[in-house]
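Participant: Below is one structure. I have some questions about it.
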Amino acid sequence: MDPRTFEWPPYKRARNISNFVDPWIPPTPDFLPAHAVWPKVADNVDEAPNEPISSSPRKKLSEALRKVFKLKRNATDSPRQNIHDPDVESHHHRERSDIWALSFEDVPESRWRAYGLYRWPTVNGIEVHNSAGENSTPSPTPYRQLQLGEEVDYDALMRNLCSPGGMTLYPERWIRGLKHPSLPPEPADWRLPGRGQPLPFPWECQLNRNLKRSVSGTAPLFWNIQRRDQVMWGGPENICIPISNSEIAEPATYPLITHMFISAVACADAGFPWKFLIINPRGIKVLDVIDAIHENFHQMVWPHEFTSWNEDRRTRAEFEYKLRGGELNAMDGLRRIDYLCGQTCFRGLEYNPDRTGWILYVGPHW
1 MDPRTFEWPP YKRARNISNF VDPWIPPTPD FLPAHAVWPK VADNVDEAPN
51 EPISSSPRKK LSEALRKVFK LKRNATDSPR QNIHDPDVES HHHRERSDIW
101 ALSFEDVPES RWRAYGLYRW PTVNGIEVHN SAGENSTPSP TPYRQLQLGE
151 EVDYDALMRN LCSPGGMTLY PERWIRGLKH PSLPPEPADW RLPGRGQPLP
201 FPWECQLNRN LKRSVSGTAP LFWNIQRRDQ VMWGGPENIC IPISNSEIAE
251 PATYPLITHM FISAVACADA GFPWKFLIIN PRGIKVLDVI DAIHENFHQM
301 VWPHEFTSWN EDRRTRAEFE YKLRGGELNA MDGLRRIDYL CGQTCFRGLE
351 YNPDRTGWIL YVGPHW
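Counting from 1, one number per residue, gives the positions in the sequence shown under UniProt numbering.
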C-alpha cells in the first residue's frame with residue numbers, strides 16, 4: 001500500500017455525547033472494504049481459504065518472499081530430524097498452514113476514528129479514557145475500574161466530570177470500561193496477530209492518515225519533534241488545533257502490528273546513524289510513534305559519535321545546540337536532534353524501498 005498522500009481530509013471534531021438517552025449512531029463510511037479483516041487461519045492447508053488473485057506485482061513479490069523465507073526456516077529448524085516421521089511431518093504441516101495473506105482495500109477514515117473514539121469518547125465536552133482490557137492503552141490519569149455488581153448513575157457521572165461552573169474538568173472521575181448504547185462500541189475488526197504468526201511487511205500495511213508522508217505541501221501533523229506536547233492539526237498559516245486523545249489512540253497501521261522498525265531518515269543532507277524500533281504488544285498506536293520519535297532524537301550524543309562527524313556537521317550541530325538554549329542548562333548536552341541541523345519538522349512515514357523497515361521524513365518547514 002502506498003503510504004503517501006497529496007491532500008488531507010478536513011478536520012473533524014469528535015462527536016460529543018451530551019446525554020445517555022440517545023443511542024450511538026456511527027457515521028456511514030463512503031465505502032466498505034471487501035476484505036477488511038484478517039483472514040481466519042485454517043487448521044490445515046487443504047481447508048485454507050482461497051486467496052484472491054492480485055494484480056499487484058508488489059503483493060505477488062511479498063507473498064513469494066514470505067513463502068521462500070518460511071521454507072528456508074522449515075528446512076533449517078531441525079536438520080537432524082527424520083522428515084518422514086509422522087510427528088515431524090504434521091508439525092511442518094501446521095507451520096505451513098500459518099501462512100496468511102492480506103487482502104483488503106483502503107480502510108475508510110470512519111473505521112480509524114471508530115477505534116480511537118471507543119477508547120477516548122467525548123462526554124459532555126470532555127475526553128475520557130474508557131478503554132479497558134489487554135488491548136487498551138495505558139491511562140494517563142488514575143481512572144477507577146467498575147466494581148462487580150456496581151450500578152452506575154450515568155447522568156450523575158456526566159455532571160461530575162466538571163465543576164458546577166464548568167471551569168474545572170475532572171476526566172479522572174470517569175469509570176473505565178463502561179458499556180452503554182450511547183457510547184461508541186468496541187470495533188470488532190481490529191485484532192492483533194496471533195502468537196507466532198508472521199507480521200505483514202511494511203509495504204503490505206496501510207498507514208494512519210496522520211502518519212502518511214506528505215509528498216507536497218503541508219504535512220499531516222504540525223509537529224516539531226523537539227517538543228513532545230505540541231502536536232497540532234493545522235499549521236502556521238492556518239488555525240492550529242491540538243490533536244485529540246482519540247486521534248493519537250488510533251492504530252498506526254492496518255492491520256495492527258506490534259513492531260515498527262525505523263531504518264532511515266529522509267531529509268536534505270543528514271544521514272541516520274540511530275535506527276530504532278517501536279514496540280507495543282497491544283498494537284502500535286499513533287501515540288507510540290510520536291513518543292518513540294521524540295525519545296530517540298532526545299538521546300544524548302556520545303563523544304565517539306560526535307568525533308565521527310565531519311567538521312561541517314559538528315559546527316552546525318553545535319550551532320543548533322546553542323539555538324535551542326542547551327548551553328544555558330549545565331545538565332544538558334548535545335542531543336541527536338542537533339544532528340538534524342534544524343530539519344526537525346515531521347513530514348510523515350513511508351516504507352523503505354530497500355525493504356528494511358520505514359523511512360521517517362523530516363524537513364526544515366512544516
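Cβ coordinates follow ideal geometry from the N, Cα and C atoms, glycine included.
Which of the three DSSP states, helix, strand or coil, is assigned to residue 176?
Facilitator: Note: residue 176 maps to strand in three-state DSSP.
Participant: Using the Cα positions of residue 219 and residue 213, report the straight-line distance between them to the nearest angstrom.
Facilitator: One C-alpha to the other measures close to 7 Å.
Participant: Just grab the DSSP bridge partners of residue 253 for me.
Facilitator: In DSSP, residue 253 forms a bridge with 207.
Participant: Name the one or two DSSP bridge partners that residue 265 has.
Facilitator: DSSP output for residue 265 lists 360 as bridge partner(s).
Participant: Tell me, to the nearest whole angstrom, how far the beta carbon of residue 255 is from that of residue 200; I am working on the premise that it is less than 8 Å.
Facilitator: Yes, they are in contact, since the Cβ atoms of residue 255 and residue 200 sit about 6 Å apart, within 8 Å.
Participant: Counting only the same chain and skipping the five closest in sequence on each side, list residues whose C-beta sits under 7 Å from that of residue 288.
Facilitator: Excluding residues within five positions, the ones whose Cβ falls inside 7 Å are 252, 278, 280.
Participant: Closer than 8 Å is the cut-off here; do at least three beta carbon pairs connect the region 109-118 with the region 147-160?
Facilitator: At 8 Å Cβ cutoff, the stretches do not touch.
Participant: From this set, 308, 339, 344, which residue's C-alpha is nearest residue 316's C-alpha?
Facilitator: Of the candidates 308, 339, 344, the one whose C-alpha sits nearest the C-alpha of residue 316 is 339.
Participant: If contact is defined by three or more beta carbon pairs under 8 Å, each pair taking one atom from either stretch, is the region 123-131 in contact with the region 157-176?
Facilitator: At 8 Å Cβ cutoff, the stretches touch.
Participant: Hey, how far is the Cα of residue 187 from the Cα of residue 120?
Facilitator: So the two alpha carbons sit approximately 13 Å from each other.
Participant: Kindly indicate which residue of 221, 179, 259 has the alpha-carbon position closest to the one of residue 241.
Facilitator: Out of 221, 179, 259, 221 has the C-alpha closest to the C-alpha of residue 241.
Participant: I believe residue 402 touches residue 276 by the beta-carbon criterion, under 8 Å. Please report the beta-carbon distance rounded to the nearest angstrom.
Facilitator: For the chain, the structure presents residues 1 to 366; residue 402 sits outside this window and is missing.
Participant: Please work out which residues of its chain come closer than 8 Å, Cβ to Cβ, to residue 23, disregarding the five sequence neighbours upstream and downstream, and give them in chain order.
Facilitator: Around residue 23: 181, 182.
Participant: Tell me where the alpha helix (DSSP H) around residue 290 begins and ends.
Facilitator: Note, residue 290: alpha helix (DSSP H), 286-297.
Participant: For residue 17, does the three-state DSSP call read helix, strand or coil?
Facilitator: Here residue 17 sits in strand by DSSP.
Participant: Less than 7 Å between C-beta atoms, sequence neighbours within five positions excluded: which residues of the same chain meet that for residue 18?
Facilitator: Once the five neighbours on either side are set aside, the close Cβ partners of residue 18 are 124.
Participant: If I follow the unbroken alpha helix (DSSP H) through residue 116, where does it start and stop?
Facilitator: Looking at the DSSP string, the run of the alpha helix (DSSP H) that includes residue 116 is 109-119.
Participant: Decide if residue 151 is buried, meaning its Cβ has at least 16 other Cβ atoms within 10 Å, or exposed.
Facilitator: The residue in question, residue 151, is exposed, as its Cβ has fewer than 16 Cβ neighbours within 10 Å.
Participant: Am I right that residue 210 and residue 265 are in contact with their C-beta atoms under 8 Å? What's the rounded C-beta distance?
Facilitator: So it is not a contact: roughly 19 Å between Cβ atoms.
Participant: To the nearest angstrom, how far is it from the Cα of residue 356 to the Cα of residue 273?
Facilitator: Cα-Cα distance, rounded: 15 Å.
Participant: Between which two residues does the alpha helix (DSSP H) containing residue 154 stretch?
Facilitator: Segment 154-159, the alpha helix (DSSP H) holding residue 154.
Participant: Can you check which of these residues, 320, 110, 308, 323, is closest to residue 13 by C-alpha distance?
Facilitator: Checked all of 320, 110, 308, 323; the closest Cα to residue 13 is 110.
Participant: How big is the Cα-Cα spacing for residue 93 and residue 197?
Facilitator: Confidence in residue 93 is poor, its pLDDT being 37 and thus under 50, which makes the residue's placement unreliable; the coordinate value appears in the next sentence. Using only the alpha carbons, I get a separation of about 15 Å.
Participant: Pull the bridge partners of residue 126 from the DSSP assignment, please.
Facilitator: BP columns for residue 126 point to 123.
Participant: Could you give the DSSP three-state label for residue 279: helix, strand or coil?
Facilitator: Correct three-state label for residue 279: strand.
Participant: Do you know offhand how far residue 301's Cα is from residue 15's?
Facilitator: Between residue 301 and residue 15, the C-alpha separation is close to 44 Å.
Participant: To the nearest angstrom, report how far apart residue 326 and residue 348 are at their CA atoms.
Facilitator: The alpha-carbon atoms of residue 326 and residue 348 are separated by roughly 27 Å.
Participant: I believe residue 192 touches residue 342 by the beta-carbon criterion, under 8 Å. Please report the beta-carbon distance rounded to the nearest angstrom.
Facilitator: 39 Å between Cβ atoms; not a contact.
Participant: Identify which residue in 333, 332, 335, 365 has its Cα closest to the Cα of residue 346.
Facilitator: That would be 365, whose Cα lies nearest to the Cα of residue 346.
Participant: Could you give the distance in angstroms between the alpha-carbon of residue 299 and the alpha-carbon of residue 334?
Facilitator: For residue 299 and residue 334, the distance between alpha carbons rounds to 9 Å.
Participant: Closer than 8 Å by C-beta to residue 228: which residues in its own chain qualify, once you throw out the five before and the five after it? Chain order, please.
Facilitator: So the list reads 290, 291, 294, once near-sequence residues are dropped.
Participant: The alpha helix (DSSP H) that contains residue 170, what's its start and end?
Facilitator: Careful: residue 170 lies outside any alpha helix (DSSP H) and carries neither H nor E.
Participant: Would you mind stating whether residue 337 and residue 230 have Cβ atoms separated by less than 9 Å?
Facilitator: Contact: no.
Participant: So the alpha helix (DSSP H) residue 305 belongs to, where does it begin and stop?
Facilitator: Run containing residue 305: 303-307, per the alpha helix (DSSP H) assignment.
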